[in-house]
Structure formats: structure tokens, C-alpha cells
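Presented below is the structure to which this report refers.
2 protein chains.
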Amino acid sequence: MVVVISRLAKKQRQEKLVDYIENNPFITDEDLAKKFNVSIQTIRLDRMELGIPELRERMKKMATKTFDNVKSLHLNEVIGEIIDLQLDQFGISLLEITEDQVFKKTGIARGHYIFAQANSLAVALINQEIALTAKADIRFIRPVYLNERLIAKAKVVSTSGERSEIKVNTYVNNELVFKGLFTVYRSNEFKTE
Amino acid sequence: MVVVISRLAKKQRQEKLVDYIENNPFITDEDLAKKFNVSIQTIRLDRMELGIPELRERMKKMATKTFDNVKSLHLNEVIGEIIDLQLDQFGISLLEITEDQVFKKTGIARGHYIFAQANSLAVALINQEIALTAKADIRFIRPVYLNERLIAKAKVVSTSGERSEIKVNTYVNNELVFKGLFTVYRSNEFKTE
DNA sequence: TACTTAATTAGTACCTGATACTAAAAATAG
DNA sequence: CTATTTTTAGTATCAGGTACTAATTAAGTA
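Protein chains in written order, with UniProt numbering: chain A, 1 to 193; chain B, 1 to 193.
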């Protein structure tokens with residue numbers, strides 16, 4: 001079988017097609033046909049063989065991603081979902097670790113997401129116009145993995161003047177994975193710099 | 001002119017339409033017509049009046065966003081842009097505070113973004129398979145505002161066994177706004193739980 | 001009440017970017 | 001020179017629209 005030149009032409013075209021579409025996902029079959037100097041039917045056969053969906057499907061997939069990301073970006077304002085809260089007293093927040101939040105190599109969550117959950121919660125607890133983290137003393141007890149659900153529990157332990165101390169413990173299945181002591185500055189007036 | 005009831009009905013529908021589409025951008029005119037119990041033409045007139053593009057245009061816009069954002073999502077893995085790095089020695093990272101990262105009321109950056117930049121940098125410094133934050137002692141010196149550019153400077157101050165201590169100072173225009181002492185656990189082997 | 005204006009519905013022609021299918025033509029292999 | 005691949009052509013059909021015309025149904029006012 002010296003089935004080379006013509007088949008190579010086809011294979012080459014298909015290889016190029018794959019990464020051309022990858023880099024130009026908004027191209028129509030018609031334009032691809034021009035690009036590769038073949039008929040539109042050939043392009044469609046190629047897409048079939050390669051399992052590449054049509055333009056509109058490709059766009060839909062990508063659009064779905066942004067849509068989901070917008071949601072998580074909104075959540076991003078407060079990281080984690082606050083499921084219980086008594087202002088100036090305590091609060092509970094839940095966060096499920098997603099792929100975006102872990103090291104690819106190990107599947108272990110990046111520390112700042114765990115911190116962010118705790119910090120968001122601590123700040124949310126404070127019943128004032130302005131609440132800013134001033135200080136934090138934190139400890140990561142054990143790694144947290146992809147898909148684990150973090151339950152952060154925060155308690156205001158003291159308040160004096162413009163500062164509150166808040167203790168946050170974070171658990172996965174009742175196992176302590178993180179703890180932190182936050183000092184939060186609180187104020188009613190908003191003074192610009 | 002007591003042009004109320006009918007017009008209100010229309011206005012109300014249009015208001016609802018706007019935020020319904022916002023929350024369900026993948027809906028067709030046909031389904032919208034069913035949802036609102038009007039004809040498909042009414043929906044189309046409404047969209048025209050409200051300047052809402054057709055489904056396919058909506059999807060295309062969103063898809064374009066993901067396409068552009070793929071890059072910034074990659075950046076997201078490490079928060080901030082690392083502009084200088086000597087493994088196991090020091091590193092510098094830059095982060096410009098965007099709208100997503102501030103409290104709407106005050107325009108002050110949420111602490112966990114500042115922490116995330118410092119933490120990312122500290123972890124990136126460690127020249128090992130695995131590097132995990134174990135502990136951190138941090139202080140927010142002054143609020144950071146929208147559009148300010150944070151320069152985080154990290155230095156490894158000591159290493160013993162599996163732990164390194166890293167000092168991170170973050171500046172805006174040479175003014176110290178944050179400092180932290182991180183203890184990072186480092187290891188070559190990856191032991192699953 | 002009758003008239004007028006606004007709002008809604010109906011219907012047609014056409015567009016894009018496809019799928020699905022049939023069939024012919026061209027290229028290549030053996 | 002024939003069998004098989006590969007490519008091209010062409011038709012019917014679909015979804016989800018635009019653009020336009022015209023009729024119908026409220027609703028508001030003189």
C-alpha cells in the first residue's frame with residue numbers, strides 16, 4: 001500500500017482544518033472552502049469525519065461558557081454562597097471547589113480561594129457601611145481537593161472601637177482544613193483618600 | 001392623557017422581557033412568545049424597540065467574549081502578572097485592580113484579591129513539584145482603590161526541610177499597602193490522600 | 001357613540017448556515 | 001484499465017431569524 005499522495009493531501013487538509021477552526025472558530029463552511037480551495041461539501045465531509053460541529057454549535061458552546069462564567073464572576077463578588085448569617089455574630093458559607101480553582105498537576109485547591117471564602121464571610125458579617133480586612137493570621141491544615149465542599153464557619157469573637165476580631169474555621173465533612181483569625185476594620189463614614 | 005392600562009401592560013412586558021432574556025439568553029422568539037402569551041411578532045417588535053438582538057447575535061457576542069477571555073482565564077490561574085522571577089529567591093508581580101475586584105460602594109479592593117496576588121507569587125517562587133501555602137500572617141496597611149496598580153515583591157527569607165518562609169510586600173507607587181509572611185510547604189513527591 | 005390612534009396579530013418573501021441525502025465526476029491505486 | 005477513494009454538484013429541508021404589508025383588536029378621546 002503506497003497510498004500516499006492523495007491520502008496525505010486529505011489528511012493534511014484535515015489536520016490543518018482542525019487547528020484552523022480552533023484558532024478561527026467563527027468561520028463558516030463557505031469561507032473554509034475558499035481557504036482550502038475545495039468545495040463546501042468536502043469541508044462538510046471533513047467536519048463529519050473529524051467530529052467538528054457546525055459554526056452555530058461551536059458558538060453556542062462558547063457562549064454557554066461565558067454564561068456560566070458570568071454567574072461565577074457574580075459569585076466572585078462574594079466567594080462562596082452564604083447560607084446562614086447573623087450580623088455581628090456568626091455566619092456560614094459554602095464553596096465547592098471547581099477546576100478553575102485547583103492546581104492542574106495535583107488537583108489541590110489554590111490557597112487563595114480558601115482564603116477568599118473565609119475573608120468574604122468575615123467581611124459580610126460586619127454590619128457597617130465599610131468593612132475592610134486589616135489583618136489575618138491563617139493556617140491551611142490540610143490540602144483541599146477538586147469537588148470538595150468547603151463549609152466555612154465564622155464567629156465574631158470581640159469588637160472594640162473600629163476593629164472586630166473574627167474567627168473562621170473551614171471544614172470538609174467535619175474535618176478542619178483551614179482556620180484563620182481576621183481583624184476587620186469597620187466604619188460608617190466613607191472617607192475618600 | 002390617561003393612557004395607562006394598555007401601555008402599562010406593554011411596558012411591563014418589555015421590562016420583564018429585558019431581564020428574562022438577560023437571565024435566559026438562549027431563548028428563541030418562539031419560546032418567548034409562549035412565555036409571555038403574545039404572538040411572535042409582538043416579541044419581535046419588542047426586541048426591536050428595546051434594541052435586543054436576535055438569539056444568534058446574542059450567542060455570537062457571548063462566544064466572542066469567551067474567545068477573548070480564554071487568555072485572561074489562563075492568567076487567572078496565577079493572579080497578577082509575574083514580571084520577574086528568580087526561583088527560590090525573589091519575584092515581582094503586577095496586578096491592576098478592576099471593577100470586579102472592588103466593593104461597589106467604596107471602590108476599595110476586596111482583600112482577598114490582594115492576598116491572592118501575594119499568595120500566587122509566593123507559591124510560584126517555589127521550585128518544586130508541589131508548593132502549598134501552609135500558613136500566612138498578613139496585614140493590610142491601607143485600602144487599595146480601583147485602577148491602582150499593585151506591585152508585589154516576594155523574597156524567600158528562609159528554607160528548612162519542607163518549608164520555606166516567604167516575605168511579600170505589595171506597593172502602590174512605592175507606598176506599602178500590604179505585607180505578608182507566608183509559610184509554604186514544598187515537596188517533590190505527590191502523595192494522594 | 002363614532003372616530004382615532006396604539007398595539008397586536010397574521011402572513012409572505014427572503015436570508016444564512018447549516019443537515020441529509022443522491023448521484024455524478026475526478027483522482028488514484030493496483 | 002478497472003475498482004475504489006475522494007471530491008464535487010445538486011436538491012430538499014430546517015431553524016431562527018429580518019423586513020415588510022396588511023388586517024384585526026383594543027383603548028382613548030371628541
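Heads up, the beta-carbon is just placed ideally off N, CA and C, and yes, glycines get one too. On a predicted model such as this, the values are computed, not experimentally measured, just so you know.
For the stretch 137-156 of chain B, the beta-carbon criterion of a distance under 9 angstroms to any beta-carbon of chain A is satisfied by Asp137, Ile138, Arg139, Phe140, Ile141, Arg142, Pro143, Tyr145. Contact annotation for leucine 132 of chain B against chain A: Ile108, Gly111, Phe140, Pro143 [CB-CB distance below 8 angstroms, chain order]. In the DSSP assignment, serine 120 of chain B falls within the unbroken alpha helix (DSSP H) covering 111-125. For threonine 42 of chain B, the uninterrupted alpha helix (DSSP H) run begins and ends at 40-50, by DSSP. A direct Cα-to-Cα measurement between alanine 9 of chain B and phenylalanine 36 of chain B gives close to 11 angstroms.
Cβ neighbours of glutamate 22 of chain A within its own chain (closer than 8 angstroms, five residues either side excluded): none.
Straight through space, the alpha carbons of glutamate 30 of chain B and tyrosine 20 of chain B are spaced by roughly 14 angstroms. Chain A places a beta carbon closer than 8 angstroms to that of serine 120 of chain B, counting this residue as a contact. Listed in chain order, the positions of the UniProt domain "HTH deoR-type" (13-48) of chain A with a beta carbon within less than 8 angstroms of a beta carbon of chain B are Pro25, Phe26. Around the CB of glutamine 12 of chain A, fewer than 16 other CB atoms lie within 10 Å, so the residue is classed as exposed. In chain order, Gly180, Leu181 place their CB closer than 7 angstroms to the CB of aspartate 137 of chain B, counting only its own chain and leaving out the 5 sequence neighbours on each side. Of the candidates A:Val102, A:Phe140, A:Pro53, A:Ile92, A:Val102 places its Cα closest to the Cα of asparagine 147 of chain A. With its beta carbon less than 8 angstroms from one in chain A, lysine 65 of chain B belongs to the interface. Apart from sequence neighbours up to five positions away, the residues of its chain that approach asparagine 188 of chain A with a beta-carbon distance below 7 angstroms are Gln128, Glu129, ordered along the chain. Ranking B:Ile27, B:Val184, B:Met59, B:Thr159 by CA distance to the CA of proline 143 of chain A puts B:Val184 first. With fewer than 16 other Cβ atoms from the protein chains shown falling within 10 Å of its own Cβ, glycine 51 of chain A counts as exposed. Between glycine 107 of chain A and glutamate 175 of chain A, the alpha-carbon positions lie close to 19 angstroms from each other.
In the structure shown, phenylalanine 178 of chain B falls within a strand segment according to DSSP collapsed to helix, strand and coil. The Cβ neighbour count for serine 160 of chain B, taken over all protein chains shown within 10 Å, is under 16; the residue is labelled exposed.
Taking 8 angstroms as the threshold, the shortest C-beta distance from alanine 116 of chain B to chain A falls below it. Glutamate 30 of chain B: member of the alpha helix (DSSP H) spanning 29-36, first to last residue. Within the stretch 48-62 of chain A, the residues whose Cβ lies closer than 9 angstroms to any Cβ of chain B are, in chain order, Arg56, Arg58, Met59, Lys60, Lys61, Met62. From the beta-carbon of lysine 135 of chain B, the residues of chain A found nearer than 8 angstroms are Ile138, Arg139, Phe140.
At a Cβ-Cβ threshold of 8 angstroms, valine 172 of chain A and arginine 149 of chain A count as neighbours. With a beta-carbon spacing of about 13 angstroms, phenylalanine 115 of chain A and isoleucine 141 of chain A fall beyond the 8 angstroms limit used to define contacts. Taking 8 angstroms as the threshold, the shortest C-beta distance from isoleucine 83 of chain B to chain A does not fall below it. Neighbours of isoleucine 79 of chain A across chain B, judged by C-beta separation under 8 angstroms: His112. Pairing aspartate 88 of chain B with valine 156 of chain B gives a Cβ-Cβ distance under 8 angstroms.
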